[in-house]
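K.L.:
Take a look at this one; I'll ask things after.
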Amino acid sequence: MWNQISGSIPKEIGNIKSLVLLLLNGNQLSGPLPDELGYLPNLDRIQIDQNQISGPLPKSFANLNKTKHFHMNNNSISGQIPPELSRLPSLVHFLLDNNNLSGYLPEDFYKLPKLLILQLDNNNFSGSSIPASYGNMTKLLKMSLRNCSLQGQVPDLSRIPELGYIDLSWNQLTGTIPQNKLSDNITTIDLSNNKLTGTIPVNFSGLPLLQKLSLSNNSLNGNISSSVWQNVTFNATARLTLDFENNLITNISGVLRPPANVTLKLHGNPVCANANQLNISLFCGSQNAEEKLDTLSNSTTDCRAQSCPTDSFFEYIPTSPIPCSCAAPIRVGYRLKSPGFSDFRPYLSSFDAYISSGLDLILYQTFVDTFAWEEGPRLRMYLKIFPPLNHTQFNTSEIGRIKSMFTGWNIPDSDIFGPYELLNFTLLGPYSSVTVESTNSGLKKGAVVGIVLGAIAAAVTLSAIVSIIILRRRGGYHRGALRKRPLSKAQMKIEGVKGFTFSEMSAATNHFNNQVGQGGYGKVYKGILADGTIVAIKRAQEGSLQGSKEFYTEIELLSRLHHRNLVSLLGYCDEEYEQMLVYEFMSNGTLRDHLSGKIKGTLDFSRRLRIALASAKEAEGVVPGHVSTVVKGTPVNNAYQSGMTFSVIDANMGSYPSECIEKFVSLALRCCKDETDARPSMAEVVRELDIIQKMTPEADSSTPSVSMATDPEKAKSLNPSSSMATEHSLTSVVDVSGSDLLSGAIPSIRPR
-9 MWNQISGSIP
1 KEIGNIKSLV
11 LLLLNGNQLS
21 GPLPDELGYL
31 PNLDRIQIDQ
41 NQISGPLPKS
51 FANLNKTKHF
61 HMNNNSISGQ
71 IPPELSRLPS
81 LVHFLLDNNN
91 LSGYLPEDFY
101 KLPKLLILQL
111 DNNNFSGSSI
121 PASYGNMTKL
131 LKMSLRNCSL
141 QGQVPDLSRI
151 PELGYIDLSW
161 NQLTGTIPQN
171 KLSDNITTID
181 LSNNKLTGTI
191 PVNFSGLPLL
201 QKLSLSNNSL
211 NGNISSSVWQ
221 NVTFNATARL
231 TLDFENNLIT
241 NISGVLRPPA
251 NVTLKLHGNP
261 VCANANQLNI
271 SLFCGSQNAE
281 EKLDTLSNST
291 TDCRAQSCPT
301 DSFFEYIPTS
311 PIPCSCAAPI
321 RVGYRLKSPG
331 FSDFRPYLSS
341 FDAYISSGLD
351 LILYQTFVDT
361 FAWEEGPRLR
371 MYLKIFPPLN
381 HTQFNTSEIG
391 RIKSMFTGWN
401 IPDSDIFGPY
411 ELLNFTLLGP
421 YSSVTVESTN
431 SGLKKGAVVG
441 IVLGAIAAAV
451 TLSAIVSIII
461 LRRRGGYHRG
471 ALRKRPLSKA
481 QMKIEGVKGF
491 TFSEMSAATN
501 HFNNQVGQGG
511 YGKVYKGILA
521 DGTIVAIKRA
531 QEGSLQGSKE
541 FYTEIELLSR
551 LHHRNLVSLL
561 GYCDEEYEQM
571 LVYEFMSNGT
581 LRDHLSGKIK
591 GTLDFSRRLR
601 IALASAKEAE
611 GVVPGHVSTV
621 VKGTPVNNAY
631 QSGMTFSVID
641 ANMGSYPSEC
651 IEKFVSLALR
661 CCKDETDARP
671 SMAEVVRELD
681 IIQKMTPEAD
691 SSTPSVSMAT
701 DPEKAKSLNP
711 SSSMATEHSL
721 TSVVDVSGSD
731 LLSGAIPSIR
741 PR
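Each residue of the sequence shown is one higher than the one before, counting from -9 in my numbering.
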């Protein structure tokens, strides 16, 4: 990507049957696409955008059964889209905008079972109409067919339940706009510069996330209802643009007093000549173009400049929990290729959480420095990625890991942010001499040694298996003997933490037949101890086992965690090659139940925090229950994604700082991610809740804060994959010599 490679794409690439990523975007490649590329059985992504590729799309591409991403925009690809592509079973993103495609749109695209984005802007489908069958694309999130010379009518898209973005502008569409209500996820409707007639649908006024409604340069008539903006819930950053210029609108019903964050454009309509309507002239003049570049404010303006000299490429971390923390960031050029919104600001907090989670970093480590809209429209931004607290810079291995997350497309896809591309990965200042080693340069000496050692290990393993089989046949092998190991327990006399035997755990859980949850660490069972205490027993799966020293160090750390919002560790078990943690049992229902309104009642804020923590533990497999899906489609999730969280906050909750509520809801939703790896660790949850609590006006100073170990050697021994790993262990590759990994109470965070 982003080199100056010229010439044509070699057909021999089609012989690399193991190929998963074909990334050639941003070069000077020309010529046609080889048919041989259609016979790559494992290809997941093909990116050839921003080249000079010409010729037709090969019909052989219909064989790419595993390919999810077709990014071929900004080339000179010509001809008709092969109808055969309608049978691609895995296709998610189909981006071919800015090419020379012609002919007819395939009618069977609605059969694509997973298609989320269809983007074909700036092609020439003259004589073609938008097939009515496109209204049956049940998974579609975005349809963009701008400036394609399309004719016919606007299809009824009301049956697409998650549709969030429609752009059919600059075509030759005729007839009336369908009156059926669109999805509540809609942020953008652009039907401008067509030949549409009739009235503006009244259902456009019932879209809570709407950011842009553009119907300019048509022949629409009748009235406009002021309820178009009255049903939209605004916060400090949300904006709504209503562009009705150059139509035949004669009247506005209702009071014409839109709020300050609503832009109403009526220039070129007969209503502007009606002097009887108050303030009508305010909306009939020419509008100034919106600012293209946004520079975001941060919370470091009160920090002393001389303490963090900019000429050394160090700077204050804008959203650090500890004010005026200074470190050297990695600078990243990043672009959203097909975002599902028109205004980024309401989604800024969601993006921060998305990108930090995708990179396995803590929320404060990522910061959007600037962003600007480009042709497409695409959203270009510059990110700064900071090392964790108590570290001034990343080490080489962590830099390589972060870069590989971008270049390997290991950041999960997002419905609202869409596909992305890495534009640059800039290493300045202390990183200027760092060379990130490529992982694709063939076998190296270490790899050869690994292969040899692997072959030896395989031989040893095979011998062991044969020996085991022989022992079994002779009756001399017993599973209990294999599992049994001498207990290497240290002198652990920790108040309130008891060592249990494997038989006690088995008896408490009815031989582990009472599973109530599961997480990345292992399974969770409800148990009843001999004294009648009900407990949650977290049993590590084989891949999560630690050494005894590390396990006991973790137990010692957990024993020091005392917080009213944190369930207590009661005991542990470490024998028969088993590792288990015993927690107090807390059954508060799932977070999903709370967000969907199944559990009602007035709760003070402290109680709500406790429920969130219990639910977070449940999502990770610490307490009972099961969160099987993201809380998607609930009022809470919709409100949060649109930046309108306060519209769904219970009035009985009382008055709390806005930053506190935003952080609380963000944390709760992250704990309900589908993928275990996408959920925050328990240490991060505890730390975030501790920060939130300190931000609340009624924070009880007598309540003990989270107390953590400060011994670097003990901290370093923690397993990063453990559910209670500290936030610094998540970035354990950073050089930690001479510094404490863990800290005590954290001061209140300065909001952005």
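In this text, a Cβ means the ideal position worked out from N, Cα and C, and glycines have one as well.
Whose C-alpha, out of 88, 104, 90 and 108, is nearest the C-alpha of residue 96?
P.N.:
The residue with the shortest Cα to Cα distance from residue 96 is 108.
K.L.:
Considering only the alpha carbon of each residue, which of 349, 229, 514 and 354 lies closest to residue 653?
P.N.:
Per the Cα distances, 354.
K.L.:
When you compare each of 106, 558, 200 and 360 to residue 404 by their alpha carbons, which one comes out closest?
P.N.:
Closest option to residue 404, Cα to Cα, is 106.
K.L.:
Which residue marks the beginning of the alpha helix (DSSP H) containing residue 497, and which one marks its end?
P.N.:
Segment 492 to 498, the alpha helix (DSSP H) holding residue 497.
K.L.:
Pick from 401, 394, 407 and 408: whose alpha carbon is nearest that of residue 415?
P.N.:
Among 401, 394, 407 and 408, the Cα nearest to that of residue 415 is on 394.
K.L.:
Relative to the C-alpha of residue 657, which candidate in 132, 344 and 198 has its C-alpha closest?
P.N.:
Out of 132, 344 and 198, 344 has the C-alpha closest to the C-alpha of residue 657.
K.L.:
May I ask you to report which of helix, strand or coil DSSP gives residue 395?
P.N.:
It is helical.
K.L.:
So, do the stretch 326 to 343 and the stretch 224 to 240 have three or more beta carbon pairs nearer to each other than 8 angstroms?
P.N.:
They touch, by the three-pair rule.
K.L.:
So, with DSSP's three-state summary, where would you put residue 20?
P.N.:
Three-state DSSP puts residue 20 in a strand.
K.L.:
Just list the alpha helix (DSSP H) runs in the stretch 305 to 393, keeping only unbroken ones of 4 residues or longer that don't cross its boundaries, in chain order.
P.N.:
Listed in chain order, they are 338 to 348.
K.L.:
For the stretch 372 to 381 against the stretch 66 to 73, are there 3 or more C-beta pairs whose distance is under 8 angstroms?
P.N.:
The stretch 372 to 381 vs the stretch 66 to 73: no contact.
K.L.:
Looking at the structure shown, is residue 564 part of a helix, part of a strand, or coil, going by DSSP?
P.N.:
Strand, per DSSP.
K.L.:
What is the C-beta distance between residue 756 and residue 171, in whole angstroms, given that I count them as a contact (C-beta under 8 angstroms)?
P.N.:
The question about residue 756 has no answer here: the residues shown for the chain are numbered -9 through 742.
K.L.:
Return the residue from the list 531, 682 and 501 that minimises the CA-CA distance to residue 518.
P.N.:
Minimum Cα distance to residue 518 is reached at 501.
K.L.:
Runs of 4 residues minimum, wholly inside the stretch 147 to 217: which ones carry the alpha helix (DSSP H) assignment?
P.N.:
Counting whole runs of 4 or more residues, the stretch 147 to 217 contains no alpha helix (DSSP H) stretch at all.
K.L.:
Pull the bridge partners of residue 252 from the DSSP assignment, please.
P.N.:
Paired residues: 230.
K.L.:
Here's the rule: buried if 16 or more other CB atoms are within 10 angstroms of the residue's CB, otherwise exposed. What is residue 520?
P.N.:
When all chains shown are included, residue 520 counts as exposed.
K.L.:
Taking the alpha carbon of residue -9 as the reference point, which residue from 17, 11 and -2 has its own alpha carbon closest?
P.N.:
The shortest C-alpha separation from residue -9 is found at 17.
K.L.:
In terms of residues, what are the limits of the beta strand (DSSP E) holding residue 241?
P.N.:
From DSSP, the beta strand (DSSP E) with residue 241 extends over 238 to 243.
K.L.:
So is residue 243 buried or exposed if we call it buried at 16+ other beta carbons inside 10 Å?
P.N.:
Per the 10 Å Cβ criterion, exposed.
K.L.:
Give the DSSP-derived three-state secondary structure of residue 520 in the structure shown.
P.N.:
Three-state result, residue 520: coil.
K.L.:
Which residue or residues does DSSP assign as beta-bridge partners of residue 776?
P.N.:
The first residue shown for the chain is -9 and the last is 742, placing residue 776 beyond what the model contains.
K.L.:
DSSP state of residue -3, grouped into three classes?
P.N.:
In this structure, residue -3 counts as strand in the three-state DSSP scheme.
K.L.:
Which of helix, strand or coil does DSSP assign to residue 67?
P.N.:
Three-state DSSP puts residue 67 in a strand.
K.L.:
Given a cut-off of 7 angstroms, decide if residue 217 and residue 235 are closer than it, judged by their beta-carbon atoms.
P.N.:
Contact flag unset, no.
K.L.:
What is the DSSP secondary structure of residue 660, counted as helix, strand or coil?
P.N.:
In the structure shown, residue 660 sits in a helix (DSSP, three-state: H, G or I).
K.L.:
Run the CB neighbour count on residue 192, radius 10 Å, all protein chains shown included, and call it buried at 16 or more, exposed below.
P.N.:
When all chains shown are included, residue 192 counts as exposed.
K.L.:
Quick one: Cα of residue 357 to Cα of residue 426, how far?
P.N.:
Taking the straight line joining both Cα atoms gives about 22 angstroms.
K.L.:
Please state the DSSP three-state secondary structure of residue 294.
P.N.:
Correct three-state label for residue 294: coil.
K.L.:
If distances are taken between C-alpha atoms only, which option among 503, 348, 6 and 14 comes closest to residue -7?
P.N.:
Minimum Cα distance to residue -7 is reached at 14.
K.L.:
Going by other Cβ atoms of all chains shown within 10 Å of its Cβ, with 16 needed for buried, is residue 406 buried or exposed?
P.N.:
The residue is buried, with at least 16 neighbouring Cβ atoms inside 10 Å.
K.L.:
Considering only the alpha carbon of each residue, which of 119, 655 and 51 lies closest to residue 24?
P.N.:
For the residues 119, 655 and 51, the minimum Cα distance to residue 24 belongs to 51.
K.L.:
Which stretch, first to last residue, makes up the beta strand (DSSP E) that contains residue 35?
P.N.:
Run containing residue 35: 35 to 37, per the beta strand (DSSP E) assignment.
K.L.:
In this structure, does DSSP put residue 235 in helix, strand or coil?
P.N.:
Three-state result, residue 235: coil.
K.L.:
Give the C-beta separation of residue 156 and residue 178 to the nearest angstrom, bearing in mind that I take them to be a contact with Cβ-Cβ under 8 angstroms.
P.N.:
Confirmed, Cβ separation roughly 7 angstroms.
K.L.:
Tell whether a beta-carbon distance below 7 angstroms holds between residue 504 and residue 488.
P.N.:
Cβ atoms of residue 504 and residue 488: not closer than 7 angstroms.
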